[in-house]
Amino acid sequence: TAEVRQALEETLAIVPAPSGPCCAFIDAGVEPGRTYRYEAAAVDGAGRDGPHSPAIAVAPRPGPVLLGATRTAAREVTATFDQAMSATAAEPHRYALEPDLARPEAVVLDRGARRAVVVFDRDLPDSGLVDLAVTGLRAQSGVPLGPGRLPLALSPLAPPTRLLRAEADGVDLILLHFDR
C-alpha cells in the first residue's frame, strides 16, 4: 500500500499499491485559490512508512464567474463571463429569468466565448427587477461555474441612433449626420 499526505501533516488516505506503472488519488474537497501540497510514501505490512517522495504543490484552477447581465434588445439579455465558456453556455435551457417572464429559445456566444446573448420567446417588460439564473455551465478549461444568479433591472430601451446622411467635406474629411 501507499500513503498520500496533504500539506505534509494530515494523512488523507491509504491507497492500494499500484498494480501497474501508475496509481492515482483524487482529492475532491479542494477549494480554488488555495495551494495544496502532497507527498507519498510506501507503507509495509506492519504499517511503517518508507521514504517520502518530495512534496508537490498544486492549486486548483479558479472557476468561471458570471460578471454581469444587460438587456440588449426587447427579447435579448447579454451575460458576460470572466473566462471563455464551453459549448454548454450556448444551450438555452441553462438560463432562466426569475420570476419566469419569458423562456430562453436561443443563445449565441461571441467569438471569444465570454459573452452569451440569450434570446427569449417574447418581449421582456420595460420595467422591473428580475434575476438571470444560470446552471450547469463550464469554462473551456472544463471547470464548472457554480449556480450563478445576477439581478437585472429592466428599463425601456432607447431607440437606436440613425445615420441620416454622410458627405465629403474636402479631400480628407467626411461629415456624418445623425438623428440625435
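With the sequence shown counted from 1, adding 1245 to any position gets you the numbering used here. For each residue, glycine too, the CB sits at the ideal point set by N, CA and C.
- A Cβ-Cβ distance of about 11 Å is found for the pair V1322 and L1346, leaving them out of contact under the 8 Å criterion.
- Contact between A1361 and L1354 holds: their C-beta atoms lie close to 5 Å from each other, under 8 Å.
- Contact between L1390 and L1311 holds: CB atoms are separated by about 7 Å, below the 8 Å threshold.
- One thing to note: L1382 has its Cβ no nearer than 7 Å to the Cβ of L1395.
- Sorting H1422, A1413, G1393 by C-alpha distance to the C-alpha of T1406 places H1422 at the top.
- One alpha carbon belongs to A1302, the other to P1337, and they sit about 39 Å apart.
- Annotation for L1420: E1412, D1414 place their beta carbon closer than 6 Å to its own, counting only its chain and skipping 5 residues before and after.
- In the DSSP assignment, L1421 falls within the unbroken beta strand (DSSP E) covering 1419-1423.
- Proximity to V1364 across P1344, F1270, V1352 peaks at V1352, based on C-alpha coordinates.
- Under the three-state reduction of DSSP output, T1333 falls in the helix class.
- Of the residues assessed, G1393 falls on the buried side of the cut-off, its CB having 16 or more other CB atoms within 10 angstroms.
- R1410 carries a strand assignment under DSSP once its states are collapsed to helix, strand and coil.
- DSSP places R1383 in the strand class (E or B) of the three-state scheme.
- L1402: not part of any beta strand (DSSP E); DSSP gives it neither H nor E.
- Around the beta-carbon of P1299, fewer than 16 other beta-carbon atoms lie within 10 Å, marking it exposed.
- Shown here, R1282 sits in a strand according to DSSP, grouped into three states.
- Taken atom to atom, the span from the alpha-carbon of G1290 to that of A1304 is near 33 Å.
- According to the DSSP assignment, P1349 belongs to the beta strand (DSSP E) that extends over 1349-1354.
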